[in-house]
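Numbering (the numbering used here), first residue to last: 1 to 375.
Glycine is no exception: its CB is placed at the ideal position from the N, C-alpha and C atoms.
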């Protein structure tokens, strides 16, 4: 439903090696004796959290990018940050932008006070852009599983959704119960995915879900491509990118998208329902990262501390996104039960591709997708 999660050039990620050369094991103090926020790798560089807040307040601004209000609760998250830190002005740029556009903005605006301070970014673009990130370990670093973070803090997973199908129950009278239902005549000219899977993370995940539910795996996306080829040949597949406007107009009555996007759509489309098919579920984490050339480096680090606090992790959950620290929060009794009721429980059969699997699947899609769905 949104275009902000483009993963242009997935296949190119195969050539990327994560560089740790930008890492600093200890922060370098500024000449004035105050912390140098640009090299701070943890809150201890500022003395404590109060020191970080003081430094961020002095900067007075935070630039975020590609954060739609109705994506994973970012409207409420930004509002909560403003309320907690009223001396910091939050500038939100290009809310419907893609991951690739986040990085482009950092390049285009480098050295200017309008450049993004922080990124919320898809995995393929994150891996291809590590040279642009500053390492930072938040105070709750230990609560993030090892598999969900780059070891020096260049990037850290923040939340994932489940790939789901949203549908207009006024048009589709009987809820689909399994993926193959979408091949039926009731879905003629009605099924869309959120973008091009060679470029958009949500669309990539739609093919991934189709793969794992048709005998494939994160290592084998071919069954997913085959499913969408069948959907296209049946005349059921729409090449139109869905948006809230196309859903409201009835142009895209059935949409593959992240569960938190489909749940958010129901707030403005009362007949919009969301289905997560039984069996293996598919998810993919997005990532937080700090722009190494952030114009407001202390505020950027304060934002990261805020994102990994129980407040924001529970706000993700309330939107139907699963926060990366949920296991630690459950153990500590910090999970908001009402928020968890919205998202439900993480499924026992949950597939999330590794970096290598994402690269391989991206190369396959680049080679075969266009021909498979040509109409």
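| Is it true that the CB of residue 289 sits closer than 8 Å to the CB of residue 72? | no
| field | Boundaries of the alpha helix (DSSP H) in which residue 213 is found, first to last residue | value | Counting along the chain, residue 213 falls outside any alpha helix (DSSP H), and DSSP gives it neither H nor E.
| field | Own chain residues within Cβ distance below 8 Å of residue 28, not counting five before or after | value | Residue confidence is low: residue 28 scores 39 on pLDDT, short of 50, so the model does not pin down where it sits. No coordinate-derived value is stated.
| task | Look at the alpha carbon of residue 286 and the alpha carbon of residue 64, and state the distance between them as a whole number of angstroms. | result | 15 Å
| query | What is the DSSP secondary structure of residue 312, counted as helix, strand or coil? | reply | helix
| request: Starting from the N-terminal side, write out each stretch of the beta strand (DSSP E) that is 3 residues or longer and does not extend beyond the stretch 106-194. | output: 118-121, 156-160, 163-168, 191-193
| So, are the CB atoms of residue 279 and residue 162 less than 8 Å apart? | no
| Supposed close pair residue 159, residue 351 - CB separation, criterion 8 Å | Not confirmed; about 17 Å, so no contact.
| With 16 as the cutoff for other CB atoms within 10 Å, does residue 270 come out buried or exposed? | exposed
| message | Let me confirm a value: residue 303 is counted as buried when at least 16 other C-beta atoms fall within 10 Å, else exposed. Which label applies? | response | buried
| message | Quick check on this structure: which residue in 316, 364, 340 has the alpha carbon closest to the alpha carbon of residue 69? | response | 316
| Between residue 310 and residue 292, is the Cβ-Cβ spacing less than 8 Å? | no
| If you scan the stretch 272-355 from start to end, which runs of the alpha helix (DSSP H) of 4 or more residues do you find wholly inside it? | 297-307, 310-318, 326-332, 337-343
| said: Suppose the cutoff is 6 Å on Cβ atoms and the five residues either side in sequence are ignored; what does the same chain contact list for residue 134 look like? | reply: 290, 292
| field | Inter-residue spacing [alpha-carbon to alpha-carbon] between residue 295 and residue 312 | value | 24 Å
| Three-state secondary structure (DSSP) of residue 40 | coil
| Own chain partners of residue 231 with C-beta closer than 7 Å, once the 5 adjacent residues on each side are dropped | 182, 183, 191, 237
| CA-CA distance, residue 377 and residue 119? | Residue 377 lies beyond the stretch modelled for the chain, which goes from 1 to 375, so this question has no answer here.
| query | Would residue 106 pass as a contact of residue 93 if the rule is Cβ separation under 8 Å? | reply | no
| said: What does the alpha-carbon distance come out to for the pair residue 257 and residue 47? | reply: 43 Å
| request: Classify residue 117 as buried or exposed, calling it buried when 16 or more other Cβ atoms lie within 10 Å of its own Cβ. | output: buried
| Under the three-state DSSP convention, the category residue 220 falls into | strand
| field | For residue 65, the residue or residues it bridges with in DSSP | value | 93
| task | Could you pull out every residue in the same chain whose Cβ sits closer than 7 Å to the Cβ of residue 125, ignoring the five residues on either side in sequence? | result | 7, 99, 100, 103
| Any chance the stretch 213-226 sits against the stretch 259-267, with 3 or more Cβ pairs inside 8 Å? | no
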